[in-house]
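My numbering puts the sequence shown at residues -14 to 357.
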Amino acid sequence: MSIHPNTVPHDIPAIAAQFDLRGDFINATAYGSGNINDTFAITCDQAGVRVRYILQRVNHHVFKNTAGVMENVARICRHTLRRLQVDGVPDAARRTLTLVPSRTGADWFVDAGGNHWRVFLFIELARSYDVIETTEQARAAAEAFGNFTKLLVDLPGGRLVETIPNFHNTMWRYGEFQRALASDARNRARDVRDEIAFLQERKADCSVVVDAIARGEIPERVTHNDTKLNNILIDNRTQRALCVIDLDTAMPGSALYDFGDMVRSATSPVGEDERDLRKVVCRPGYFKALALGYLAALGGTLNKAEKALLPFSGKLLALELGMRFLTDYLDGDVYFKTTRPGHNLDRCRNQFALARSIETQMEAMARVVDSL
Ligand code: ADP
Ligand code: GN1
Ligand code: MG
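Listed below in structure tokens is the structure:
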């Protein structure tokens, strides 16, 4: 395994001291299970009370325009808070991410090594789930992600920065896979003949949404683009979706990317790391719950072409992510954080198994969408 850029240690107390934290630093622990950024929970003593913050290092190998990412995030946070306050929604500070300014009053801090750091208020009494537990969570999460797109319709200040160009351009991703395969930097292609064949048989799927966008049938919307279930905080007490987090990829996109990524991440009873592929299946009850929730928020907004492609979008996003894991495996594990040899390949197989499961259910899924 290569040394991933994210394994480099940092002086966390010194970095925390660069932010306007209201209290004395007590400790910092690595937090969460994200694949990209480094996340820490910081505990401070605030005049006798323990308060926590989230400190994050934005992965600048993944997000090349780190300042653009931070500007997007700051704009979205401010807009969301304003809207919640105008609407008189209670508990507003738990329903949106809130940036804590640096000592110089900026929204983020850049250290001597060029790392971009930010701090959010820690949203307490809520948590994210790597594997969904109930259909009610699925419905609530889908509604929250749908409302996120709705909320950003009138975001002031123009178009958001495209933080990762071509992020969900599946055809471009296919080109990247072909590039990795041709160079075969780690001599690993020989281990993945079946996966390569699986993907090549589905090459035509990769252009379905991008072509529909190019023809003007699918509109551009502000989407989250990383709607896996652990990017939403669910309230411990009410079990309702509380706050959409991980806003780094929020940018112009398609509703199909958000819905598809939810189907991919919330319908299987096991997570992306599961190696027993017999357990990786798309459960129809969870698909229905996601469709119910998403359409409750955006049913009146989505056009006919978008609705018609909702079942396909789950297959597409599972295929796309599996392809991204495969590409990273071929490249030598340089993009996603990995914790064991073959981790990316295992994840690829998991996502391809899920794509296969969705593929067999697309007609039934279409009937569900029609019935809603
Ligand atoms: P990554 O991009 O690496 O996935 P995230 O922004 O999703 O990073 O954060 C990782 C995890 O940290 C989340 O899944 C969530 O559990 C937790 N988290 C992030 N922000 C907050 C917050 N403001 N309050 C509480 N927990 C948070
Ligand atoms: C990454 O940051 P995180 O862990 O929420 C990735 C997503 C993938 C996801 C798969 C910027 O998301 O695109 O779907 O892993 N984010 C980026 O778990 O590449
Ligand atoms: Mg995340």
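Ideal Cβ positions, reconstructed from N, Cα and C, are used throughout, including at glycine.
Quick one: what's Phe4 bridged to in DSSP? Ser87
Quick one: does the C-beta of Ile61 sit closer than 7 Å to a heavy atom of the ligand GN1? no
In terms of residues, what are the limits of the beta strand (DSSP E) holding Pro237? Met236 to Gly238
Find the nearest neighbour of Ile149 within the set Pro237, Ala182 and Arg332, judged by alpha-carbon distance. Pro237
Rounded C-beta distance between Gly278 and Ala126? I'm assuming under 8 Å. 7 Å
In chain order, what residues have a CB nearer than 5 Å to some heavy atom of the ligand MG? Gly19, Asn216 and Asp231
Quick check: is any heavy atom of the ligand GN1 less than 7 Å from the C-beta of Thr234? yes
Taking three-plus beta-carbon pairs below 8 Å as touching, is the stretch 29 to 43 in contact with the stretch 5 to 14? yes
Rounded to whole angstroms, what is the Cα-Cα separation between Arg268 and Ser253? 6 Å
Cβ-based neighbour list, Glu161, same chain, cut-off 6 Å, excluding 5 preceding and 5 following: Thr312
To the nearest angstrom, how far is it from the Cα of Arg332 to the Cα of Glu259? 7 Å
Runs of beta strand (DSSP E) lying entirely within the stretch 59 to 125, each at least 3 residues, in chain order: 101 to 106
Coarse secondary structure for Glu37, derived from DSSP in three states: Residue 37 is actually Arg in this sequence, not Glu. Residue state, collapsed to three classes: strand.
Among Ile217, Gly317, Cys228 and Leu287, which residue has its Cα nearest to the Cα of Ser18? Ile217
Could you give the DSSP three-state label for Cys267: helix, strand or coil? coil
Near Ala340, which residues of its chain fall below 7 Å by C-beta distance, leaving aside the five closest residues on each side in sequence? Lys300, Ala303, Leu304 and Gly307
Return the residue from the list Ala167, Arg79 and Ala276 that minimises the CA-CA distance to Arg352. Ala276
Quick check: the stretch 80 to 92 against the stretch 185 to 202, are there 3 or more CB pairs under 8 Å? no
Given Asp211, which residues of its chain have a CB within under 8 Å of its CB, disregarding the five upstream and five downstream residues? Asp231, Asp233, Thr234 and Asp246
Based on the DSSP output, what are the partners of Cys29 in its beta bridges? Phe10 and Val36
Out of Arg178, Thr119 and Arg325, state which residue places its alpha-carbon closest to the alpha-carbon of Gln224. Thr119
Between Ile39 and Thr24, which are expected to be in contact by the criterion C-beta below 8 Å, what is the C-beta distance as a whole number of angstroms? 6 Å
Outcome for Met(-14) when other beta-carbon atoms lying within 10 angstroms are tallied against a minimum of 16: Interpretation of Met(-14) is limited by its pLDDT of 37, a score under 50 that renders its predicted location unreliable; the figure taken from the coordinates is listed afterwards. By the neighbour-count rule (16 or more Cβ atoms within 10 Å), Met(-14) is not buried but exposed.
Kindly list the residues whose CB is nearer than 6 Å to the CB of Leu145, restricted to its own chain and excluding five residues on each side of it in sequence; keep chain order. Asn57 and Met236
Three-state secondary structure (DSSP) of Thr223: coil
Identify whether Ala15 lies in helix, strand or coil by the three-state DSSP scheme. strand
On the premise that Val354 lies in contact with Lys292, defined as a C-beta separation below 8 Å, what is that separation, rounded to the nearest angstrom? 6 Å
So is Lys49 buried or exposed if we call it buried at 16+ other beta carbons inside 10 Å? exposed
What residues match up with Leu136 in a beta bridge as DSSP calls it? None, per the DSSP bridge assignment.
Leaving aside the five residues before and after Asn154 along the sequence, list all residues of the same chain whose C-beta is less than 7 Å from its C-beta, in chain order. Val195
Looking only at its chain, what residues have a beta carbon closer than 7 Å to the beta carbon of Phe297, apart from the 5 residues adjacent to it on each side? Val193 and Met347
Strictly by DSSP, which residues pair up with Cys228? Leu218
Is the shortest distance between the beta-carbon of Ser113 and the beta-carbons of chain C less than 8 Å? No chain C is part of this structure, which consists of one protein chain only.
Closer than 7 Å by C-beta to Arg173: which residues in its own chain qualify, once you throw out the five before and the five after it? Chain order, please. Tyr314 and Leu315
By the 10 Å Cβ neighbour count, where 16 or more other Cβ atoms means buried, how is Asp243 classified, buried or exposed? buried
Contiguous beta strand (DSSP E) assignments of at least 3 residues, all confined to the stretch 194 to 218: 206 to 208
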